[in-house]
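Visitor: Residue numbers are given in our numbering: position 167 of the sequence shown equals residue 1264, and the series is strictly consecutive.
Even glycine gets a Cβ: it sits at the ideal position worked out from N, Cα and C.
Shown below is the structure under consideration.
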Amino acid sequence: MSSAEQKMQFIFHLRQQGILDERVLTAMETVDRGVFITGTFAGRAYEDMPLPIPCGQTISQPSVVARMTQALNVGPRDTVLEIGTGSGYQAAVLSQLARRVYTIDRHRRLVEEATGRFQRLGLSNVTAMTADGSRGLPAIAPFDRILVTAAAEDPPGPLLAQLREGGTMVVPVGQSHSVQRLIKAVRGPGGVEYEELGDVRFVPLVEGLGQDEI
Ligand code: SAH
């Protein structure tokens, strides 16, 4: 199959999965997932499945990336915070839709590799940082949108506090290693409203920096 055909199939598959937001589909079409996967699994970059990346983590399944991106409803003037840089793929997709993206991972190696990819792709509106993302990024807050791509037991309080009024956070919530519920939290004037968006499976949000960075 040619790469053009592969891309058409990829977008067709996302539409079938209920991704109808044209901006999200264009972003998914623009960002080449192949750039974010190296080594043994490189040949499987265009399959709709999660794949292993260094530090024992995973790059999410493209249909899940698209679903979370669509749920986040990012506007062109938004500043977005992502927790869980991983390969950098989700942040690169967000960079197509937002004014500015900050992404945090607890593994320095992943942050360095992702930064190299953002530079090679010319994505100048994404900044990756090594930190404990469960504390958010108070120096830059408030954020219009926050996306957590690791599973938390509850929507993290510091992250909700860093959401501007009217802002949206999407986060997988549940016990680590089991199936989690994808939750959309909207911070309104009278408090936070929650909506459930179905099941997902993510690696857990772990407090503190990765073993190799301490
Ligand atoms: N969004 C990524 C996939 C995320 S995998 C992609 O597009 O490839 C989940 C990531 O969350 C892992 O890289 C893991 O290191 C990170 N993570 C887990 N707990 C964290 C924490 N407390 N702070 C920052 N990153 C965390």
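(1) Cβ-heavy atom distance between Asp1241 and the ligand SAH below 7 Å?
(2) Only counting runs of 4 or more residues, tell me where the alpha helix (DSSP H) segments fall wholly within the segment 1201 to 1243, in order along the chain.
(3) For a test of your reading of the model: does the CB of Arg1203 fall under 7 Å from any non-hydrogen atom of the ligand SAH? Yes or no.
(4) Rounded to whole angstroms, how far is the Cβ of Ser1204 from the Cβ of Gly1307, which I believe are closer than 8 Å?
(5) Determine contact between the segment 1172 to 1188 and the segment 1243 to 1250, defined as no fewer than three beta-carbon pairs at a distance below 8 Å.
(6) Exposed or buried, what is Ser1221 when buried is set at 16 or more other beta-carbons lying within 10 Å of its beta-carbon?
(7) What three-state label does DSSP hand Ile1134 in the structure shown?
(8) Enumerate, from N- to C-terminal direction, the unbroken beta strand (DSSP E) stretches of 3 or more residues contained entirely within the segment 1141 to 1208.
(9) Please report how far the alpha carbon of Glu1293 lies from the alpha carbon of Gly1136, in whole angstroms.
(10) Please report how far the alpha carbon of Asp1129 lies from the alpha carbon of Glu1144, in whole angstroms.
(11) Please indicate yes or no: does the CB of Ser1157 lie closer than 7 Å to some heavy atom of the ligand SAH?
(12) Check Thr1246 in the structure and name its three-state DSSP category.
(13) Smallest Cα separation from Gly1140: which of Ile1108, Thr1127, Met1098 and Met1105?
(14) For the ligand SAH, I want to know if Tyr1199 counts as a neighbour, meaning its beta carbon is within less than 7 Å of at least one of the ligand's heavy atoms.
Guide: Let me lay it out:
(1) no
(2) 1205 to 1217
(3) yes
(4) Checking the sequence shown, residue 1204 turns out to be His, not Ser. Correct: roughly 4 Å between the Cβ atoms.
(5) yes
(6) exposed
(7) coil
(8) 1148 to 1150, 1154 to 1156, 1176 to 1180 and 1197 to 1202
(9) 36 Å
(10) 12 Å
(11) yes
(12) coil
(13) Met1098
(14) no
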